[in-house]
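Chemist: Take a look at this one; I'll ask things after.
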Amino acid sequence: MKSWLPFLVDELKRGREPVLAQTLNGECRAAVLDPEGKVLAGDYRGSGMFRGARKLIGEMSAGKPLVAVSGEKKRFLLEKQAGENTLGFWRLALEGQERAWAAWLLTIAESSGRSLKVTRHVLSAEGPWTTPRLPKEADDWSLIPLNAGLGRFFVFGDDDLALESAALGGRIGLKVTLVTLKAKASEAQAFQNVGSFTVASFNRWKDLTPEKFASLGLKTGVYVLVTSGESELILPEIEKIQVGWLGLAGSAAPPGNEPGLFPAAATPAQKAVGLITEMLE
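Using our numbering, read the sequence shown as starting at 67 and increasing by one per residue.
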């Protein structure tokens with residue numbers, strides 16, 4: 067399913083009033099619904115998930131949330147989204163999803179008599195991150211990951227080790243940017259079937275200006291792996307940033323000082339496993 071958060075922001079920008087559905091127990095998920103209860107975007111399969119709630123949805127007013135219970139005893143928080151303030155909040159959430167190391171949406175539903183109050187917070191981090199722990203009594207809390215990032219990982223290289231490391235990083239949930247030369251770009255795109263990562267390609271390493279580094283999102287706290295044999299052209303800019311981890315491997319590694327848990331590994335894939343493991347430790 068397409069990501070619900072960008073879709074929700076787009077709907078609000080167009081002046082529409084989409085309904086956001088979130089689970090309050092069990093696996094935390096979210097979806098954007100139309101007035102008939104059909105899932106337009108989100109974490110749910112099957113178009114009939116919320117059809118039973120369409121009467122409630124049709125009569126719902128913005129800012130008046132309610133809780134619905136499915137036949138499987140799953141509890142859903144339903145709330146129509148509308149207005150500039152609401153759009154501003156979801157824009158911040160989207161910024162966290164796109165730019166932060168990791169981001170979560172925390173929703174707290176509090177009942178008082180017949181009234182229901184919903185409070186939402188966006189939790190985002192620019193450094194090492196652990197999943198927030200909810201208290202045991204938090205039955206009406208919902209914690210939804212906006213991205214699954216364990217960290218932000220940049221790989222600079224045009225060899226098989228760079229491709230393997232980027233693919234493995236994407237596979238385990240890192241937000242990966244592979245920076246490579248155009249000659250390798252098509253091969254890098256093919257690797258995306260085993261790991262989700264962004265590819266940024268340049269004609270020459272010396273084309274990476276300080277402005278280019280900034281536009282890539284290289285900033286304090288990120289992880290960086292360099293495998294390019296022309297590392298001396300890019301290392302000065304990288305070293306200006308307080309990165310969380312910097313590894314020089316492959317052709318970029320100092321003689322006799324290959325990083326990673328398996329420096330004598332026979333294949334790039336094995337070396338990539340050792341590098342990623344060392345980085346996450």
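Ideal Cβ positions, reconstructed from N, Cα and C, are used throughout, including at glycine.
Can you tell me which of the three DSSP states G223 falls into?
Modeler: Reduced to three states, the DSSP call for G223 is coil.
Chemist: Is L354 near L209, with beta carbons less than 8 Å apart?
Modeler: Summary: the structure shown does not reach residue 354, with the chain confined to residues 67 through 347, and so no result is reported for it.
Chemist: With DSSP as the reference, identify every bridge partner of A134, one or two as the case may be.
Modeler: Note: A134 sits in a beta bridge opposite F142.
Chemist: Return yes when the Cβ of P84 is within less than 8 Å of the Cβ of V98, no when it is not.
Modeler: Against a cut-off of 8 Å, the Cβ pair of P84 and V98 comes out as a contact.
Chemist: Whole angstroms is fine: what's the gap from P329's alpha carbon to G340's?
Modeler: Using only the alpha carbons, I get a separation of about 8 Å.
Chemist: Per DSSP, which residues does F268 bridge with? Please list them.
Modeler: Its beta-bridge partners are L247.
Chemist: Count the C-beta pairs between the stretch 255-265 and the stretch 320-328 that are closer than 8 Å, then say yes if the count reaches three, no if not.
Modeler: Because the criterion of three Cβ pairs below 8 Å is not met, the stretch 255-265 and the stretch 320-328 do not touch.
Chemist: For V221, I'd like the list of residues in its chain whose CB is within less than 6 Å of its CB, leaving aside the five on either flank, ordered along the chain.
Modeler: Closer than 6 Å at Cβ, skipping near neighbours: A228, S231, A232, L244, L291.
Chemist: Which of helix, strand or coil does DSSP assign to Q308?
Modeler: The answer is coil: DSSP assigns Q308 none of H, G, I, E or B.
Chemist: Considering just the uninterrupted stretch of the alpha helix (DSSP H) at T89, what are its terminal residues?
Modeler: T89 -> not in any alpha helix (DSSP H); beta strand (DSSP E) instead, spanning 85-89.
Chemist: What does the alpha-carbon distance come out to for the pair A251 and G217?
Modeler: Roughly 23 Å separates the two Cα atoms.
Chemist: Got a sec, what are the start and stop residues for the alpha helix (DSSP H) V75 sits in?
Modeler: Counting along the chain, the alpha helix (DSSP H) containing V75 begins and ends at 70-79.
Chemist: Give every residue of the same chain whose Cβ lies closer than 6 Å to the Cβ of R95, excluding the five residues on either side of it in the sequence, and list them in chain order.
Modeler: Closer than 6 Å at the Cβ level, and outside the excluded window around R95, lie T89, D109.
Chemist: Have a look at S317 and V188 and give me their C-alpha separation to the nearest angstrom.
Modeler: Near 41 Å, if we compare the C-alpha coordinates of V188 and S317.
Chemist: When burial is assigned at 16 or more other CB atoms within 10 Å of the CB, is G154 buried or exposed?
Modeler: Flag for G154 reads exposed.
Chemist: Provide the residue span of the alpha helix (DSSP H) that contains V339, from first to last.
Modeler: Segment 334-346, the alpha helix (DSSP H) holding V339.
Chemist: Along the chain, which unbroken stretches of the beta strand (DSSP E) at least 3 residues long are found entirely within the stretch 275-323?
Modeler: For the stretch 275-323, whole beta strand (DSSP E) runs of length 3 or above, ordered along the chain, are 289-292, 311-314.
Chemist: Would you report the Cα separation of L299 and W271, rounded to the nearest angstrom?
Modeler: Their backbone Cα atoms lie some 7 Å apart in a straight line.
Chemist: Helix, strand or coil for A233? Go by DSSP, reduced to three states.
Modeler: Helix at A233.
Chemist: Which of the three DSSP states is assigned to A148 in this structure?
Modeler: Reduced to three states, the DSSP call for A148 is coil.
Chemist: Near P194, what residues of its chain come up, given a Cβ to Cβ distance below 6 Å and the 5 sequence neighbours on each side ignored?
Modeler: The pLDDT assigned to P194 is 46, lower than 50, so where the model puts this residue is not dependable; a value taken from the coordinates is nonetheless given after this. Excluding sequence neighbours, P194 sits near nothing in its chain.
Chemist: Are there 16 or more other CB atoms within 10 angstroms of the CB of L144, so buried, or fewer, so exposed?
Modeler: It counts as buried.
Chemist: Within this structure, are the beta carbons of W156 and L78 separated by less than 8 Å?
Modeler: Going by C-beta atoms, W156 is nearer than 8 Å to L78.
Chemist: Could you check if K121 is buried or exposed, using at least 16 other CB atoms within 10 Å of its CB as the buried criterion?
Modeler: Exposed: under 16 other Cβ atoms inside 10 Å.
Chemist: How big is the Cα-Cα spacing for A358 and K130?
Modeler: No answer is possible for residue 358: the residues shown for the chain start at 67 and end at 347.
Chemist: Between which two residues does the beta strand (DSSP E) containing V260 stretch?
Modeler: No beta strand (DSSP E) holds V260; DSSP gives it neither H nor E.
Chemist: In chain order, what residues of the same chain have a beta carbon less than 7 Å from the beta carbon of L182, not counting five sequence neighbours either side?
Modeler: Excluding sequence neighbours, L182 sits near P131, L132, V133, A175.
Chemist: Would DSSP call G239 helix, strand or coil?
Modeler: Reduced to three states, the DSSP call for G239 is coil.
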